[in-house]
Amino acid sequence: MPAQPGVADVDRERGITADGAGPAAVRGDTGGVTDAARGEHTHSETPIPLPRTPLPRTPERPVLQRSSVRGQILDALRAALAGGELTPGEVYSAPALGERFGVSATPVREAMQQLAIEGAVEVVPNRGFRVVRRGARELAELAEVRALLQVPVVMRLARTVSADRWGELRPLADETARAASTGCRATYGDADRAFHRGVLGLAGNEQLLQIADDLHRRTQLPLGVGHLGDVGSGGRVELMADAAEHIALLDALMAEDLEAACCLVEKHFGAMG
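The letter at position 211 of the sequence shown is residue 446 when you use my numbering, and the numbering goes up by one with no holes.
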């Protein structure tokens with residue numbers, strides 16, 4: 236009867252070496268199993284050698300993502316529009332503005348296209364973007380829309396929100412007074428927007444906030460005539476009067492004086508503050 240093969244014979248036929256790791260053809264130089272042994276797809280190209288030590292980091296400032304740069308430029312352009320640095324009727328090119336802000340023309344162009352959607356500028360083919368002129372009629376229409384949208388909401392909140400919750404908005408109102416004292420429309424616009432968001436945010440309606448934000452941005456742009464006036468001594472007085480309405484409104488809401496609150500909210504939210 237022929238001799239039965241031993242374990243060593245079977246292992247040799249299967250190509251398994253004495254240490255049980257498999258044939259040398261499927262072992263790497265370091266003794267580990269290669270991708271081919273695991274059934275993974277491999278290529279015959281010679282692998283590109285990788286550096287043995289990590290490349291040193293340059294001490295340069297981190298590069299911002301395009302969306303972040305675009306957002307920063309958009310904020311800067313809105314501030315320039317609100318502050319009157321960009322003149323209504325004038326055409327501005329993306330490369331020129333990019334040089335001004337120290338960035339390429341691409342994020343500027345993207346930001347200006349967003350402003351075009353918002354109605355702040357209009358595209359001028361092969362030239363750039365023209366800052367839109369706004370007149371008394373548009374001012375009146377925006378005021379009407381703001382009043383129709385916000386007055387009913389605030390009066391509903393006046394009947395349901397506690398005095399303590401209204402009191403939490405006091406720092407926002409105080410910040411508008413501080414910003415108004417600077418006489419800077421852009422600074423005041425940011426504080427004013429935060430206060431309005433704080434009030435309307437009590438309704439818990441995100442869509443309302445988005446629409447109100449859009450209306451607020453449009454009212455902060457340069458207008459032919461406007462509630463806030465231009466930056467200067469007269470403009471500062473009007474800004475401070477607008478901020479004083481915030482404080483008076485909060486006082487009425489905290490005192491649950493609905494009649495006074497109604498008068499103040501109709502005056503304030505129907506204006507261009």
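All residues carry an ideal CB built from backbone N, CA and C; glycine is no exception.
Could you work out which residue in the options is closest to residue i when comparing CA atoms only?
i, options, result
"P366", "E325, R372, Q307 and D399", "Residue identity differs from the one stated: residue 366 is Val in this sequence, not Pro. With distances taken between Cα atoms, V366 lies closest to E325."
"I308", "T454, D492 and A340", "A340"
"A346", "A311, R362 and N361", "A311"
"L383", "L493, D399, L450 and E334", "L450"
"E353", "R453, A496, L499 and I482", "R453"
"R420", "E376, G306 and A315", "A315"
"R362", "V356, A329, R369 and Q385", "A329"
"E473", "L377, R428 and G418", "G418"
In whole angstroms, what is the alpha-carbon distance linking residue i and residue j?
i, j, result
"A426", "P323", "24 Å"
"L444", "V338", "31 Å"
"S303", "F430", "25 Å"
"L404", "G433", "7 Å"
"R335", "Q442", "35 Å"
"P406", "K502", "22 Å"
"R313", "A495", "34 Å"
"L332", "R471", "28 Å"
"D492", "Y327", "49 Å"
"A393", "E373", "29 Å"
"V380", "R369", "16 Å"
"E357", "F504", "28 Å"
"C497", "Q455", "24 Å"
"F364", "V396", "44 Å"
"R344", "G319", "20 Å"
"D409", "V359", "41 Å"
"P499", "R428", "Residue identity check: residue 499 is Leu in the sequence provided, not Pro. If you take the alpha carbons of L499 and R428, they lie about 17 Å apart."
"L377", "L321", "21 Å"
"G402", "A371", "36 Å"
"A398", "A375", "33 Å"
In the DSSP output, which residue or residues are listed as bridge partners for residue i?
i, result
"V356", "V366"
"Y327", "F364"
Would you call the CB atoms of residue i and residue j closer than 9 Å?
i, j, result
"A355", "G424", "no"
"Q385", "A447", "yes"
"P342", "R400", "no"
Cβ pair count under 8 Å reaching 3, the segment 437-454 against the segment 380-389
Yes: at least three Cβ pairs fall under 8 Å.
Inspect the CB distances between the segment 484-497 and the segment 344-361 and report whether three or more fall short of 8 Å.
No, the segment 484-497 is not in contact with the segment 344-361.
Okay, do the segment 473-486 and the segment 403-417 touch, 3+ Cβ pairs below 8 Å being the bar?
Between the segment 473-486 and the segment 403-417, the count of Cβ pairs shorter than 8 Å is three or higher; the stretches touch.
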